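Since the structure comes first, as structure tokens, the remarks are kept for the end.
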Amino acid sequence: MFEVSINHKMKTSTHIIIAVGGYLPSPKVEKIVITDQDEEFLEEDWESFDEYEDYLLREAVAEYNQRFASAICLTEAQFEAIKEEQL
Numbered sequence: 000m001f002e003v004s005i006n007h008k009m010k011t012s013t014h015i016i017i018a019v020g021g022y023l024p025s026p027k028v029e030k031i032v033i034t035d036q037d038e039e040f041l042e043e044d045w046e047s048f049d050e051y052e053d054y055l056l057r058e059a060v061a062e063y064n065q066r067f068a069s070a071i072c073l074t075e076a077q078f079e080a081i082k083e084e085q086l
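When we follow the numbering used here, the leftmost residue of the sequence shown carries the number 0, and every step to the right adds one.
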């Protein structure tokens with residue numbers, strides 16, 4: 000009997016959405032962690048992880064836009080670089 004081992008490295012991406020204005024009572028910062036183990040990714044027929052990631056991030060920003068807020072989506076690395084900047 001042969002044993003087959005497949006090492007699957009889980010894909011994960013972390014993004015930060017910053018939203019201000021519109022009907023938001025105060026600025027919002029939201030952290031979104033997306034993995035290839037998400038139930039929606041596993042159950043739906045996505046072409047790739049990138050397509051799934053893009054869809055989720057666009058939907059998250061659209062929720063703020065529906066409240067007439069301005070929103071930006073950053074990678075976690077971009078967000079950390081901005082935090083390190085001295086104003």
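From the three backbone atoms N, C-alpha and C, an ideal C-beta is built for every residue, glycine too.
Here the structure is a predicted model, which means the values were calculated and not measured.
Could you work out which residue in Ile17, Thr34 and Met9 is closest to Val28 when comparing CA atoms only? Closest in C-alpha terms to Val28, from the list Ile17, Thr34 and Met9, comes Ile17.
Ile15: buried (16+ other C-beta within 10 angstroms of its C-beta) or exposed? buried
Could you have a look at Glu84 and say whether DSSP puts it in helix, strand or coil? Glu84 falls in the coil class under three-state DSSP.
As a quick exercise: from Ile81, Ser69, Phe48 and Asn64, pick the residue whose alpha carbon is nearest that of Val32. Phe48
Continuous beta strand (DSSP E) stretch holding Glu29: start and end: It spans Lys27 to Thr34 - the beta strand (DSSP E) in which Glu29 sits, taken as one unbroken run.
Return the CA-CA distance between Phe67 and Tyr22, expressed in angstroms with no decimal places. 6 Å
Three-state class that DSSP yields for Ala59 in the structure shown: helix
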